[in-house]
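A.B. asks: Provided herewith is a single structure, encoded as structure tokens, for subsequent inquiry.
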Amino acid sequence: DSLVVQSCQQGKELNISVEDGGPHATPSLKKSPKEGQGIDGTTMATMEEEEEVVKDRSHLSRSQRQQPSTGSLAGSPHLSELSINSQGGPAIANATLSPNLSPDNRHASPLISPLLNDQTGVRADDEEEVRRKRFPTDKAYFIAKEVATTERTYLKDLEVITLWLQNTVSKDDCMPEALKSLIFSNFQPLHKFHTNFLKEVEQRIALWEGRSNAHLKGDFQKIGDVMLKNIQSMKQLTVHLRKHSEILLELENGIKNSRRLEAFCRDFEMQKVCYLPLNIFLLRPLHRLMHYKQIMERLCKHYPPNHGDFRDSRAALAEISEMVAQLHSSMLKMENFQKLHELKKDLIAMDNLVTPGREFIRLGSLSKLSGKGLQQRMFFLFNDVLLYTSRGLTASNQFKVHGRLPLYGMMIEDSEEEWGVPHCFTLRSQHQSIVVAASNRIEMDKWTEDIQMAIDLAENCNDPASEFHGNSPPDTKSPEEPTVDQESEDDLNASRTSLERQAPHRGNTTVHVCWHRNTSVSMVDFSIAVENQLSGNLLRKFKNSNGWQKLWVVFTNFCMFFYKSHQDNHPLASLPLLGYSLTIPSESENINKDYVFKLHFKSHVYYFRAESEYTFERYVCLL
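Here it is in structure tokens:
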């Protein structure tokens, strides 16, 4: 039951050191105790893989006590009876996940890692207790720390362009000089500015904590003045920020016109450092403005009007709000443009998916009723058309389009009584009708509301024709007719073995996660996700382990990425959260620690412990 993103090389074991290597430490790939030699394979995996290792150990160890089952949430010192799903509803039960297999169809070696060593975890646990008692407890201090931790991640994201992409493209002449100049001349000034900005923030935090110039401590327990100074300087970079729309457009046009550039970008996205789609990194500077705005809003809300830092904080909020207002319209258009291009990669023969005026609304898994019963399909809703697809048997597991339903003139009917299928509804277009079923009532309501909204928009546009081009013929079968799609039978047989055939990272795309978790996401969800990101240290514990492991965590794009430290260039593991539920551990689980939240999906259970009440509340709010 694990989504395998990448696995280590067949026949070898991965040993990752988590000992603190100092400020310049990098991930340490130690020799396997069995093989006695280095590892050439990749290091990224999913947390579910690591959890299986812990589970195996617990069965072998007679001394480890059995973990109690989850009880009620009453009595939590922080939140009572809290159960939050990452998509606003209960966790989806009928998801299909692949086994622990490698991309070459062979069983992957287990991850043997000190990340899972209980003694290491306990040591990190004790150190965290001492550290938490020594440092300030003012909420403004933790807001300042959030600026620093998220700025570290932002700099790493900029370096994907200014360092990794630039170094890679310098070895290949596939990218036109004009495009290279456009990209790097606009990203390098941003990287230089934010490098200095981060140093200022970290110096202020050091003063706040009393780690340097302790006699000045009383004058520096604030962050608003630092934010105001740098946001004012940041306005001078607006000329570069306005270029990001052009950068994204020119890159996609270049990819469209050059197979070499297309192959180059595809190969670059396979690198471990490119943990998100490349075009998301191109939009990161615009997203970062939204983060600053939200941070300053929280800071101004925290301070009373007579606080010494309130005036600077309020002025900084006014300055960043003005920048966001100037760029927000362009950012929304670029997010839609980026999403259409990202979805195009997941669909077979949909080269003309990106057309002027087309807007993405929702994607997700629904079951389509046919003569053989309910069959899982992936649906893509736009403002002019609804596509339904199935996962093809290609090396990249792209989705094959089976039908296109124009929204103009479409009607939605409740069909639960007619067909005897829960959460079932009929979509009637001018030339075709299909019956579909959602996994639960909440998912059904999301789909019907968004489809009705899209129908209303299409009606208002008075555009009965959807200019949608593709090479896949429409599926015009009615629900009563038996299907002859060989693909459907193959899907059922291959559902647990297909992810291992994917290229690296492809199994971690939002589309594939929604397919396996049987859920959906909307463009509104994506917009909220890019505006709400977190970075920082968390302590993690598996259900079947004793100790806590300290990890650097980046939460973005509906996924938690795990690093040994913030200096690492790529994540060691990831956990896609779509379909997961968040709760607070009950007393019967014997966690006995403050600021702990629990993420669970089916049999997968993870505990995470924050360093402060502020950080705990931020994760609970966002997740």
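For the sequence shown, our numbering gives the first residue as 3, with consecutive numbering after it.
Heads up, the beta-carbon is just placed ideally off N, CA and C, and yes, glycines get one too.
Out of curiosity, what's the CA-to-CA distance linking residue 141 and residue 290?
C.D. replies: If I take the Cα positions, the gap works out to 21 Å.
A.B. asks: Are residue 340 and residue 285 close, meaning C-beta to C-beta below 8 Å?
C.D. replies: In this structure, residue 340 places its C-beta atom within 8 Å of the C-beta atom of residue 285.
A.B. asks: Terminal residues of the continuous alpha helix (DSSP H) containing residue 306?
C.D. replies: Where residue 306 is concerned, there is no enclosing alpha helix (DSSP H), given that its DSSP letter is neither H nor E.
A.B. asks: Look up residue 547 in the DSSP assignment and say whether it is helix, strand or coil.
C.D. replies: coil
A.B. asks: Identify the continuous alpha helix (DSSP H) that holds residue 578 and give its terminal residues.
C.D. replies: Per DSSP, residue 578 belongs to no alpha helix (DSSP H); it is in the beta strand (DSSP E), 575-578.
A.B. asks: Using only alpha-carbon positions, find the residue among 392, 360 and 203 that is nearest to residue 368.
C.D. replies: 392
A.B. asks: Can residue 267 and residue 282 be called in contact, C-beta distance under 8 Å?
C.D. replies: no
A.B. asks: DSSP three-state label for residue 415, please.
C.D. replies: strand
A.B. asks: I need the DSSP call for residue 143, collapsed to helix, strand or coil.
C.D. replies: helix
A.B. asks: Using the Cα positions of residue 302 and residue 225, report the straight-line distance between them to the nearest angstrom.
C.D. replies: 11 Å
A.B. asks: Let's test the definition: count the other Cβ atoms within 10 Å of the Cβ of residue 177 and tell me whether it reaches 16, buried, or not, exposed.
C.D. replies: buried
A.B. asks: Bridge partners of residue 539, per DSSP?
C.D. replies: 554
A.B. asks: Taking just the CA atoms, how far does residue 149 sit from residue 342?
C.D. replies: Between residue 342 and residue 149, the alpha-carbon positions lie close to 31 Å from each other.
A.B. asks: In or out: residue 2 buried (at least 16 other Cβ within 10 Å) or exposed?
C.D. replies: There is no way to answer for residue 2, as the model of the chain reaches only from 3 to 625.
A.B. asks: Helix, strand or coil: how does DSSP classify residue 632 here?
C.D. replies: Examination of residue 632 is not possible in this model, given that the chain is present from 3 through 625 alone.
A.B. asks: Can we say the segment 354-369 touches the segment 322-330, given the rule of at least three CB pairs closer than 8 Å?
C.D. replies: With the cut-off at 8 Å, the segment 354-369 and the segment 322-330 do not touch.
A.B. asks: Confirm, please, whether the CB-CB distance from residue 537 to residue 240 is below 8 Å.
C.D. replies: no
A.B. asks: Here's the rule: buried if 16 or more other CB atoms are within 10 angstroms of the residue's CB, otherwise exposed. What is residue 272?
C.D. replies: exposed
A.B. asks: Taking just the CA atoms, how far does residue 620 sit from residue 196?
C.D. replies: Using only the alpha carbons, I get a separation of about 24 Å.
A.B. asks: Going by DSSP, which residues form a beta bridge with residue 382?
C.D. replies: 365 and 389
A.B. asks: Would you be able to state if there are at least three C-beta pairs under 8 Å between the segment 610-618 and the segment 539-554?
C.D. replies: Between the segment 539-554 and the segment 610-618, the count of C-beta pairs closer than 8 Å reaches three or more; the two stretches touch.
A.B. asks: Throw me the rounded Cβ distance for the residue 523 and residue 512 pair, which I believe falls under 8 Å.
C.D. replies: 6 Å
A.B. asks: For the beta strand (DSSP E) containing residue 595, name the first residue and the last one.
C.D. replies: Neither: residue 595 is in no beta strand (DSSP E) and is coded neither H nor E.
A.B. asks: Leaving out five residues before and five after residue 451 in sequence, what residues of the same chain have Cβ atoms less than 8 Å from its Cβ?
C.D. replies: none
A.B. asks: Helix, strand or coil: how does DSSP classify residue 209 here?
C.D. replies: helix
A.B. asks: My assumption, with CB atoms under 8 Å, is that residue 160 sits in contact with residue 184. Please give the rounded CB distance.
C.D. replies: Actually they are not in contact, since the Cβ atoms of residue 160 and residue 184 sit about 16 Å apart, beyond 8 Å.
A.B. asks: Of the choices 462, 597, 602 and 382, whose alpha-carbon is the least far from that of residue 617?
C.D. replies: 597
A.B. asks: Is residue 562 near residue 577, with beta carbons less than 8 Å apart?
C.D. replies: yes
A.B. asks: Based on DSSP bridge pairs, tell me the residues matched to residue 377.
C.D. replies: Residue 377 is bridged to 370.
A.B. asks: Measure the Cβ-Cβ separation of residue 318 and residue 230 and say whether it is below 8 Å.
C.D. replies: Taking 8 Å as the Cβ cut-off, residue 318 and residue 230 qualify as a contacting pair.
A.B. asks: Could you spell out the range, first to last residue, of the beta strand (DSSP E) harbouring residue 582?
C.D. replies: Residue 582 -> no beta strand (DSSP E), and no H or E assigned at all.
A.B. asks: Check this for me: beta carbons of residue 164 and residue 190, under 8 Å apart or not?
C.D. replies: Between residue 164 and residue 190, the gap from beta carbon to beta carbon is short of 8 Å.
A.B. asks: The beta strand (DSSP E) with residue 429 in it runs from where to where?
C.D. replies: It spans 426-430 - the beta strand (DSSP E) in which residue 429 sits, taken as one unbroken run.
A.B. asks: What are the boundary residues of the alpha helix (DSSP H) that includes residue 406?
C.D. replies: Here residue 406 belongs to no alpha helix (DSSP H); instead the beta strand (DSSP E) covers 401-408.
A.B. asks: So the candidates are 532, 288, 625 and 410; which of them puts its Cα closest to the Cα of residue 429?
C.D. replies: 410
A.B. asks: Do you know offhand how far residue 138's Cα is from residue 238's?
C.D. replies: 34 Å
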